[in-house]
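This report refers to the structure that appears directly beneath it.
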Amino acid sequence: MLQPVPTREWQSFQYRLSSLYLYYLGLLRGFDTLYDQMVQPQKRRLLRRLLDSVAGRVLELKDEMVRVDMCEWHCLDHVLRDLGLTPADLEVPIPKYFLLEQSSILQERELMLAEILSRMEPVAFQEASPGDSLPDSSHSPAPGIEMPPFRTQGGPALPYSHLRVLFG
Numbered sequence: 406m407l408q409p410v411p412t413r414e415w416q417s418f419q420y421r422l423s424s425l426y427l428y429y430l431g432l433l434r435g436f437d438t439l440y441d442q443m444v445q446p447q448k449r450r451l452l453r454r455l456l457d458s459v460a461g462r463v464l465e466l467k468d469e470m471v472r473v474d475m476c477e478w479h480c481l482d483h484v485l486r487d488l489g490l491t492p493a494d495l496e497v498p499i500p501k502y503f504l505l506e507q508s509s510i511l512q513e514r515e516l517m518l519a520e521i522l523s524r525m526e527p528v529a530f531q532e533a534s535p536g537d538s539l540p541d542s543s544h545s546p547a548p549g550i551e552m553p554p555f556r557t558q559g560g561p562a563l564p565y566s567h568l569r570v571l572f573g
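Numbering (the working numbering), first residue to last: 406 to 573.
Below, the structure is given as structure tokens:
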């Protein structure tokens with residue numbers, strides 16, 4: 406039969422796990438800075454593998470903390486105070502190489518979206534009063550664009566409703 410873990414041991418384990426998590430976050434921040442400033446390609450490759458490993462360990466520790474606490478939110482105030490850290494040190498950094506590699510994909514998406522929007526014609530919508538439930542047939546959108554069967558919103562969100570119709 407399983408014996409419950411004494412509270413003192415559980416708190417000690419939780420404290421140790423939180424300390425390791427914060428320590429690895431600090432390592433991740435430091436290795437990210439080193440990788441960003443490294444010029445030599447051989448060392449850069451090695452540092453990237455190390456950075457990926459530390460990021461994986463941070464994720465493992467976070468998963469373990471979630472399993473131990475049975476909660477996704479953790480109060481690490483006492484650990485921060487004991488280690489002399491600030492709440493800003495809890496923020497998980499995204500490695501700069503990851504953002505740089507993804508920048509080309511993001512630029513392609515922005516160009517595609519700009520191209521789609523440039524081909525569209527502006528659509529004029531009549532402001533709906535709160536009592537209106539059906540769209541006015543005299544102000545129909547551009548040909549080939551279907552309107553939703555009922556207007557559910559009025560006011561400031563109405564001018565953007567045509568984007569929801571177009572892009573789902």
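Ideal placement from N, C-alpha and C gives every residue a C-beta, glycine not left out.
| task | Taking only the alpha-carbon atoms, compute the straight-line gap between residue 510 and residue 440 and give it to the nearest angstrom. | result | 22 angstroms
| Taking C-alpha atoms, which residue in 429, 505, 466, 518 lies nearest to residue 456? | 429
| Is DSSP giving residue 492 helix, strand or coil here? | helix
| Euclidean distance between Cα positions of residue 434 and residue 498 | 7 angstroms
| query | Which residues mark the beginning and the end of the alpha helix (DSSP H) in which residue 452 is found? | reply | 446 to 474
| said: What would DSSP say about residue 510, mapped onto helix, strand or coil? | reply: helix
| query | DSSP state of residue 481, grouped into three classes? | reply | coil
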